[in-house]
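A short write-up of the structure that comes next.
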Amino acid sequence: MNDHRKWPLISIVSLGIGISTIFIAGRSIARVALRWRFLRKVNVIQKRLKEKLENPFPATTIVTRISEWDEVCSVLLRDCAEIPILGFDCEWVNFNGNTQPIALIQLASHQGICALVRVCCLSTLPETLKNILSNPKILKVGVATWEDASKLKKDFGIQFCGGFDVRHLILRHPKRLSLSARSGLSGLSEQLLGKALNKHYSVRCSDWEAENLSDVQVKYAAQDAVASIAICLKLIAETSLPDLNNRFWVINNMNEFYTSWAVTCVVLDTKFRMSSNHKFMGTSNSKGKKFTATKPNNSRAYAARKTALYDNCILQAPDGQQLCTCDYKKAMWYFAKGRGEVVCENPMTVRLNFEPAGRPSSEYDRYYLTDKVNKCVVCGQSESFLRKNIVPHEYRKHFPDHLKDHKSHDILLLCIECHTVCNTHENTVKNELSLKCEAPIGTERGVKTKLDKRLSGVQKAANALILNRHAIPSDRVAVLEDVIKSYYEVEDLTPEIMEMAKNLEVHVPNSDYVPHGLKVVHYFEREHPGGLLALERLWREHFLQTMRPRHLPALWSVEHYRKPEEKWGNNKTSVPESV
């Protein structure tokens with residue numbers, strides 16, 4: 026081909042490439058702009074929901090009449106037109122071992138508007154409420170939504186659609202391990218929103234059919250619904266944006282985004298089951314149901330550490346001042362996030378490129394600057410050791426956050442044998458505290474549930490008649506039958522009634538229950554002149570007296586109270602003379 030014929034063709038191709046490049050670049054810029062606007066709007070919503078979480082009362086409507094529902098329903102539907110997601114939960118009563126119908130349905134929008142629908146006070150469920158619950162285009166999100174949906178169907182015949190358990194999003198989250206470890210509603214709220222919810226047994230299992238709900242009940246119920254939608258929106262923003270990146274150029278508003286998310290990223294109305302790779306122990310939902318994983322078969326009572334606890338890496342401030350020693354993983358976290366640089370490899374030293382929240386400024390901080398040796402602090406053994414909380418976890422977990430954050434002074438290494446001996450000695454102090462603080466252990470007041478003797482008698486009578494009627498004298502059969510008839514207030518016993526009696530739940534909530542550890546902490550906080558410092562010192566002295574450790578870290582001390590003037594206030598700075 027002649028040169029003069031090539032140039033027009035080359036020009037056309039170049040023009041086409043240029044136009045395509047401009048189009049692609051324009052699309053990318055538009056997508057970035059839309060993404061930025063979306064994230065900004067999400068942040069505004071999150072801030073609003075956190076405010077409602079702190080004080081939900083002004084935006085909460087307690088519905089006891091149809092007219093009240095009609096008013097709040099229009100507001101919820103208006104909010105759903107922008108973001109078609111509602112925080113959702115249900116509450117009911119367990120009475121005499123039997124589960125009562127749902128008493129309360131909680132719904133909350135992204136604006137923080139919350140409706141507490143007291144269905145126990147309504148003669149019938151409003152059709153508009155049924156429509157919301159059965160509409161698959163309005164997502165109802167929370168923890169254990171599948172279980173709540175099943176009960177709604179059982180109690181009211183509602184074909185619930187659009188339910189989504191927010192825990193499905195945990196498995197795709199960068200912090201899935203820590204979130205999975207505490208994946209109840211309160212745990213997720215504390216980790217993602219910075220707000221722990223009140224899940225005390227006395228509120229969770231209170232009378233939701235009472236004539237008037239208490240302020241504590243209203244706050245509990247509203248916070249559950251508001252936290253549910255806040256957690257969901259937070260998880261979506263942190264897990265699902267990559268899946269929708271290629272759709273941002275055709276998404277014009279929040280409704281389209283969340284509709285696209287619901288269609289492309291989730292499976293609705295599915296029971297949450299933790300996969301075998303992410304199973305965790307002891308996570309409860311708001312109704313107290315427990316999800317547990319199968320424990321691996323291990324003949325030993327304790328699992329000894331396979332790696333060293335102390336790596337003795339060093340964190341430095343920007344000017345080179347040593348802040349603390351830490352493990353390798355933590356030091357590398359700052360480096361990987363671009364928040365510090367490695368200035369020495371032996372020992373591993375990372376210098377931060379930002380001003381830390383605090384610097385070592387008292388004699389107590391010197392403890393955190395010293396290297397720690399990986400060996401049992403009692404006998405010196407350097408293999409198969411465990412971390413030991415000198416202040417037992419059942420007390421320390423109830424301490425205020427400022428007493429626990431960045432404080433490892435009372436976590437020491439013990440070998441398995443010394444760990445076992447130490448645990449045995451602890452029982453003596455626990456029993457003394459039980460008497461001193463009126464915090465019983467192992468008594469009827471010290472358990473979450475207690476045996477209802479009447480229910481137990483009914484169940485035993487049913488079991489005896491079902492299994493051994495032929496071997497029981499006729500007069501005794503009559504007595505056992507009367508026990509069951511009296512309880513169910515019937516004249517004849519049907520197979521259905523016998524089966525109900527056999528399966529009765531004989532343990533009922535213990536209204537007097539307060540955990541031993543919590544009662545002890547409250548006693549020292551409110552009544553002991555030394556406050557919680559005295560409780561810390563008590564356990565440290567006990568450890569020294571009973572275990573006589575010979576290899577404690579340098580500067581470990583009974584008198585260790587880190588920055589007391591900053592941490593506990595002037596009224597708690599003095600070290601108690603005695604406990």
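Under our numbering, the first residue of the sequence shown carries the number 26, and numbering increases by one thereafter.
Note that CB positions come from ideal geometry on N, CA and C, so glycine has one too.
Pairwise C-alpha distance: residue j and residue i
i       : j       : result
Tyr-586 : Leu-580 : 12 Å
Glu-516 : Asp-507 : 9 Å
Ala-255 : Ala-361 : 29 Å
Ala-342 : Pro-574 : 34 Å
Met-306 : Gly-482 : Model confidence at Met-306 stands at a pLDDT of 38, short of 50, so the residue's coordinates are unreliable and nothing is read from them.
Asp-344 : Tyr-538 : 53 Å
Ala-247 : Thr-395 : 47 Å
Asn-310 : Ala-503 : Its pLDDT being 45, under 50, Asn-310 is placed unreliably in this model, and the value from its coordinates should be taken loosely. Cα to Cα, the separation comes out at about 43 Å.
Asn-156 : Gln-71  : 27 Å
Thr-449 : Arg-298 : 37 Å
Ile-108 : Phe-82  : 22 Å
Arg-501 : Cys-98  : 58 Å
Val-228 : Phe-63  : 37 Å
Tyr-359 : Val-454 : 41 Å
Val-67  : Ala-262 : 8 Å
Ile-509 : Thr-519 : 11 Å
Test item: CB-CB of residue i and residue j under 8 Å
i       : j       : result
Ile-110 : Tyr-353 : no
Glu-561 : Val-416 : yes
Lys-178 : Gln-184 : yes
Cys-447 : Lys-413 : yes
Val-191 : Ser-253 : yes
Ala-133 : Gly-112 : yes
Thr-350 : Cys-369 : no
Val-168 : Gly-209 : yes
Ile-610 : Ala-487 : Past the edges of the chain, shown from 26 to 604, lies residue 610, and the structure says nothing about it.
Leu-260 : Leu-194 : yes
Val-403 : Met-572 : yes
Leu-377 : Arg-391 : no
Own chain partners of residue i with C-beta closer than 7 Å, once the 5 adjacent residues on each side are dropped
i       : result
Asn-223 : Tyr-245
Ser-159 : Ile-183, Gln-184, Phe-185, Cys-186
Arg-197 : Thr-264
Ser-231 : Gln-242
Phe-549 : Gly-556, Leu-557, Ala-559, Leu-560
Leu-348 : Leu-340, Gln-341, Ala-342, Pro-381, Arg-384, Pro-385
Ser-459 : Pro-465, Ile-466, His-541
Proximal residues to residue i (C-beta, below 6 Å), its chain only, five neighbours per side dropped
i       : result
Cys-115 : Ile-127, Ile-130, Asp-173
His-553 : Ala-559
Lys-220 : Leu-78, Ser-214
Asn-493 : none
Ser-239 : none
Lys-165 : Leu-111, Phe-113, Gly-187, Gly-188
Residues near residue i in its chain [Cβ-Cβ closer than 8 Å; skip 5 each side]
i       : result
Lys-544 : Cys-462, Glu-463, Ala-464
Asp-95  : Pro-151, Thr-153
Ile-491 : Met-523, Lys-527
Val-583 : Arg-562, Arg-565, Glu-566, Leu-569
Leu-101 : Leu-111, Leu-132, Ser-134, Ile-138, Ala-140, Ile-157
His-532 : Gly-122, Thr-474, Lys-475, Leu-476, Asp-477
Lys-75  : Leu-218, Gly-219, Lys-220, Ala-255
Pick from the options that is closest to residue i, judged by C-alpha positions
i       : options                            : result
Asp-336 : Glu-263, Lys-397, Cys-105, Gln-347 : Lys-397
Lys-355 : Val-367, Ser-459, Leu-101, Thr-85  : Val-367
Phe-379 : Ser-409, Val-118, Asn-452, Gln-346 : Gln-346
Cys-105 : Ala-169, Cys-139, Glu-263          : Cys-139
Thr-170 : Ser-208, Asp-294, Ala-503          : Asp-294
Glu-419 : His-541, Leu-74, Arg-207, Arg-201  : His-541
Leu-141 : Arg-90, Gln-125, Ile-441, Asn-528  : Arg-90
Glu-408 : Cys-440, Pro-578, Asp-500, Lys-66  : Cys-440
Ile-163 : Thr-124, Gln-125, Leu-218, Arg-103 : Arg-103
Glu-530 : Arg-73, Asp-435, Asn-123, Val-67   : Asn-123
Ser-148 : Gln-125, Phe-181, Lys-510          : Phe-181
Val-144 : Lys-165, Val-533, Trp-117          : Trp-117
Glu-234 : Asn-119, Asn-399, Ser-211, Lys-422 : Asn-119
Ser-211 : His-225, Leu-202, Ile-466, Pro-199 : His-225
Leu-438 : Pro-578, Glu-76, Pro-520, Leu-428  : Pro-578
Pro-425 : Pro-199, Ser-203, His-547          : His-547
Proximity test, residue i beta-carbon vs the ligand SAM heavy atom, cut-off 7 Å
i       : result
Asn-378 : Among the components of this structure there are no ligands whatsoever, and the ligand SAM is therefore not found.
Residue-chain proximity (residue i, chain C), Cβ-Cβ < 8 Å
i       : result
His-541 : In the structure shown, chain C cannot be found, because there is only a single protein chain.
Could you tell me which whole alpha helix (DSSP H) segments of length 4 or greater appear in the region 180 to 255? 201 to 206, 210 to 213, 226 to 229
In chain order, which continuous runs of the beta strand (DSSP E) of length 3 or greater are located wholly inside the region 78 to 129? 85 to 88, 110 to 120
Ranges of the beta strand (DSSP E) found wholly within the region 532 to 574, counting only runs of at least 3: 532 to 534
Which runs of the alpha helix (DSSP H) at least 4 residues long sit entirely within the region 429 to 495? Give them in chain order. 441 to 461, 478 to 493
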